[in-house]
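Notes to accompany the following structure.
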Amino acid sequence: MKKILLFLLPFLIINCEYSDNKKINLIDLVPTNPILLIKYKSASKTKLETFNINFNSLINQKIDSISKRFSDGALLISFHNIGKNNLQSIIFSEKKSFYKKVKVEDSVNYNGFTINKKIIDNIEYFSTIKNDIYIESKSKLLVENSLRNSNHTFTDESGDLKKLNKISNTNTTLFISEKFSNYLNNTKLKEIFKTSNISDWMQFDVEINKNNLTLNGVGILQDSIFKKINILKNTTPSKSNINKIVPVNFKYFKRIAYDHDKYISKIENEISINELKTVISDSILYDVNEIGSIILENDSILTYSFKNNQLLNEKIRNNLNSKYYYRNNEIYEFSKKIFKSENFLINYSPSIKTYGTLIENILILSKNQNSIENIILNYNNNSTIDKSSQFAKVYNNIPENSNQLNVYNLNDFKSSLFNTIKIKQEDYNYWLSHISLDENFIYKTHSIVKTEKEINTLGPKIIFNTKINNGIYFNPKWVTNYVTKKKELVVQDNKNILFLISNNGEVIWEKDLKSRIVGDIFQVDLYKNGRLQYVFNTESSFMVLDKNGNEVKKVNHKKNKKVLGLSVFDYDKNKNYRFLICYDNQIKMLDSKFKIVKGFNKNNIKYNLTNSPKHFRVGSKDYLVINTERKLYVTDRRGNSRIKISEDLNIAGNEVFLNSNTLLTLDNSNNLIKIDLNGKVSKKPLPLDSKYLIFADNNSSIYISENILTINKKNIEMNYGNYSRPTIFLNNLIQISSLDESKIYLFKRDGSMIPYFPIFGTSNADITKNKENKSLLAVTGEKNEILVYSLD
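Heads up: the sequence shown runs through residues 22 to 813, numbered per the working numbering.
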C-alpha cells in the first residue's frame, strides 16, 4: 500500500485540469521497446516538477528538472533500457510548448535532422524537432532511434499499446509494460506493479485528490498466449467472502472468484491428460466459489469458500487423522490430502500433513496448526478486517465484485519509501488492487485512501500465539531487550524450563533451571552499563542470568529451607541493589556484588515470615514492610523499627500496600486495615463473609469477593466465579482474571470497563508498552500457549 501511495502520489500531484483541443500523436515517435510511458494532456510546470522529482526517486534516477524547458502543453515521457538495467527517458512535446532560451552548445546533422546539444544545470541534453514535435533526451542514441523511424508503433508488438493509447482520456495516464517492475528497487513495488501474468501493457488513468489516489487501469486479454489471468475469463466477478476471517495484523491477502468448470476449460490445453483427469475428478472443488491466501508474519494460509459443505464434511471425515478443539472450534489434522490437484491460481500443493478448520463456509488450511489457531483467535475476538473502519473506507472506494482482489497492509512497508515522497506513513493503511474481466478486457484498479486513526474500534488484536511443549508454570512476563529496546517475554514450563520469547513469538533461548521459580523475575543493571540481567529465586537457588540465558551468579539455598521469594530494592535509584532472599524464618540480604549486607539488623524480626518484604518511599524516608505469622514489622533500611505496631493485626499471609501514604491491607476476618505513618491503626469491616483479594497503589484500592469487584469504592457486579487478585498496570489499567470462565477483564480507575473486554485468557495478564508506545497484553491461553494482544 505504502509503495503504491508513493508511486501514485507523484502522479496525483501532477494531475492537471486543463484542456487542449489539438490532437498530437506523440506516441508515433517513441523508440522501440519502451518500458514505461507517462502521458499528459496538459502539463503544469509546477506540478510536473514535483512529480518528476518523486517519480525519479522511485526508479532510482537522478533528479532531472523539466519545468525549465517546457510550458503548458501536451507531453509524453518514454523510458527505455540503456545499458544494464539503466532506465533513460526521452521527452516528446508540442513544439510550441518548448522554451527556446537555452543556448545550443553544438549541433550535428543526422538523417536530415539537426540534433542540438545543450547544457542545463551541468547536464548534457540532446534535442531535435521532427514533424513539429520537440524531442529531447540525455541519451543521444534514443533521439537518433526516434529520428530514423526505429519507432515502437511500427513494430508487431505495438498493437496493444496503440489501442490503449486511443482510449486514454484523463489528464495523466501511465502505460506500464510487463518489464517495468524489473526496474523498481523496492520488492513490494515490484510485486504490486508486476503485469507479466496479466497483459503485455496496462494503461492507468490517474485520479487524485487530497484524500485518495486511484489508478484505473485497463489491459487487453491475449488468448494466443497463456497467462494466469486468462483462467478467470468468463468467471462471474463476486463479492469477497474472505474478509471475515483475515486478521487485522495480516501482511497481504488475495481472493479469487472461482468456478471449477470454467477453470477446467481454461487449463485443459496447458496440462497433461492424466493431470486433467485428476483436476476433473476433484469433486469438492465444484462446490468452491472463492479461493484465497493470507500471508501472516511467519506463515501463509489457504482458504476455500464453499457454496455447500455436504461433500466437504464427508471429505474431512474420510481424510481425518485426528482433531482437537480450540476455542470451541474443531482443528483437523489430515492424514490424506483434501484436494487431489495443484492449482494454477494459488500455491496449493497437496501435502500429506495439513491442518485445517472450518469457519462458517470457509475451509482454512495450513501446514502449521499454530496459524490455524491464530485465525480462530482473531475471528472470535472480532479482530478481523471486516470490522475495521479504516479498511472499510478503502474497500468502499473500489467495485464490490471482483475476479481477483489483492490487499497489502502498508504497515508492512518500509518507511523509507514514504520518506522519499514526503508523506506520512501513518495516514495510509491499505493498498487495494482490484481486477475484473469483461469480454476481452482486463480492468485493474489500484486504490489508496487516506484514513483517520482508528481509535480501537476492533478491540484487542492478536499479535501472536506461541505454544511450548509443556504446560506453563510461571506465566508470561514482559522484559526489555536492552540492545533493541524491544519487549520480550519470559515464561517457565512445568518441567522447569525457562524460555525467552521474542516480540513476534519466536523462542530465543531456553534454559533448564532444575527447579521452579518462586516469586517474581526482576531485571537489574548490576554493572551500571545499561546491560540488564535477570534475577530470581527458584526452590533450590538464587540465580542471575545474562540476556542470553547464561549464568552470572548462582547461590544455592540451604537444604530444607522454605523459600518465599525474592525482593529487590534500589533505595536511591542508583543501581546499588539490595537482594532480599527470603525464607520462612530468615532474611538474607545481599548487595550488588552478592556479599552479605552486615548493616541490616534482622534480629529484630522475631517470627517466621509469611510474605516477601516490600519497600516504600514516602518523602525522604524508607519503609521496609515485613509481614510475619504474628506481627507486622515496619523498619528503616537497617532493620530498625520505623513504625511501632504493638497489636497482632491477624494479617499473616496478606499483602500490604501503600495507599494515600498509608499502609493498607486486609486481616483474616475481612476487615480493611489502615496504618498511618505514626502507627495509628483503623479497621473497617467489609460487607461479605467470603474471602477478599486486594491490590492497591498510592492512588487506588481494588478488592474483590464473590462477584463484587470494588474499584475506589465503586462496586461492579461480575459473574459469580473464582477470580485472580486484581493488578494495576500503566497507572490506569486494572486487570482481573476469571479463572472459571478463562476471561481477562480490564477496567479504568473510574470503574468503567475497557471496550471489547473480556478477552480469552487463563491466567493473570501482564501489560506493558513497547518502544512505539503501544500497549501489549500477554497471558496464558491454553495450558501451554502464550497469547499476546495489542490494546491500541
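C-beta atoms are modelled at their ideal positions from N, C-alpha and C, and glycine is treated no differently.
Buried/exposed call for residue i, threshold 16 Cβ in 10 Å
| i | result |
| --- | --- |
| N709 | It is Leu, not Asn, that sits at residue 709 in the sequence shown. Answer is exposed; the Cβ neighbour count stays below 16. |
| E125 | The sequence shown places Val at residue 125, rather than the Glu named in the question. Exposed, since its Cβ has fewer than 16 Cβ neighbours within 10 Å. |
| L33 | Residue placement at L33 cannot be trusted, given a pLDDT of 41 that sits under 50; what the coordinates show is reported in the next sentence. Counting Cβ neighbours within 10 Å, L33 comes out buried, since at least 16 surround it. |
| S703 | exposed |
| G742 | exposed |
| V310 | The question names Val, but residue 310 is Asn in the sequence shown. That one is buried. |
| S304 | exposed |
| P706 | exposed |
| N733 | exposed |
| V504 | exposed |
| T135 | exposed |
| K760 | Note that residue 760 is Leu in the sequence shown, not Lys. Exposed, since its Cβ has fewer than 16 Cβ neighbours within 10 Å. |
| G238 | buried |
| G802 | buried |
| N682 | exposed |
| T257 | exposed |
| G674 | exposed |
| S128 | exposed |
| N420 | With the sequence shown as reference, residue 420 is identified as Pro, and Asn is not the correct amino acid for it. So P420 ends up on the exposed side. |
Endpoints, the beta strand (DSSP E) within which residue i is located
| i | result |
| --- | --- |
| R770 | Unbroken run through R770: none, as it is neither H nor E. |
| I252 | First-last for I252: undefined, no H or E at that position. |
| K357 | Here K357 belongs to no beta strand (DSSP E), and DSSP marks it neither H nor E. |
| A717 | 714-717 |
| P497 | 493-501 |
| E806 | 806-811 |
| H455 | 449-459 |
| T472 | Here T472 belongs to no beta strand (DSSP E), and DSSP marks it neither H nor E. |
| A799 | 796-801 |
| Q243 | Unbroken run through Q243: none, as it is neither H nor E. |
| K575 | 572-577 |
| N137 | 134-141 |
| S220 | Where S220 is concerned, there is no enclosing beta strand (DSSP E), given that its DSSP letter is neither H nor E. |
9 Å Cβ cutoff met for residue i and residue j
| i | j | result |
| --- | --- | --- |
| F520 | I538 | no |
| I664 | N699 | yes |
| R770 | N720 | yes |
| F750 | D787 | yes |
| I380 | I352 | no |
| N418 | S468 | yes |
| N399 | I266 | yes |
| S160 | Q109 | yes |
| I263 | Y429 | no |
| H636 | I602 | no |
| N817 | I529 | In the structure as shown, the chain starts at 22 and stops at 813, and residue 817 therefore has no counterpart that could be examined. |
| N106 | N251 | no |
| I626 | Y654 | yes |
| I312 | V300 | no |
| F327 | N382 | yes |
| V51 | L97 | yes |
| V511 | F495 | yes |
| I694 | L679 | no |
| P268 | K482 | yes |
| T154 | E115 | Note on identity: in this sequence residue 154 is Ile, with Thr being the wrong assignment. Cβ atoms of I154 and E115: closer than 9 Å. |
| G772 | K735 | yes |
| S536 | T559 | yes |
Enclosing alpha helix (DSSP H) for residue i [first to last residue]
| i | result |
| --- | --- |
| S392 | 390-401 |
| F412 | 410-416 |
| L168 | 161-168 |
| G742 | Looking at the DSSP string, G742 is not in any alpha helix (DSSP H), and its letter there is neither H nor E. |
| R338 | 331-340 |
| N186 | 180-188 |
| K209 | 208-213 |
Three Cβ pairs or more, each shorter than 8 Å: is that satisfied between the region 781-794 and the region 459-470?
no
On the three-pair Cβ rule with 8 Å, is the region 393-407 touching the region 355-371?
no
Is the region 291-304 touching the region 446-457, taking contact as three or more C-beta pairs under 8 Å?
no
Looking at C-beta atoms only, is the number of pairs between the region 200-212 and the region 239-246 that lie closer than 8 Å three or more?
no
Length-filtered (3 minimum) beta strand (DSSP E) runs lying within the region 515-565:
518-522, 528-533, 538-545, 554-559
Are at least three pairs of beta-carbons, each pair with one atom in the region 610-620 and one in the region 640-647, less than 8 Å apart?
no
Unbroken beta strand (DSSP E) runs of length 3 or more, entirely within the region 668-701: which are they?
678-680, 683-687, 692-696
Which complete beta strand (DSSP E) runs does the region 276-317 hold, if anything under 3 residues is left out?
309-316
Using 8 Å as the Cβ pair cut-off and three pairs as the minimum, do the region 127-145 and the region 186-199 touch?
no
Quick check for students: name the residue ranges of the beta strand (DSSP E) that lie wholly in the region 579-662, counting only runs of 3 or more.
584-590, 599-604, 607-611, 635-639, 642-648, 653-656
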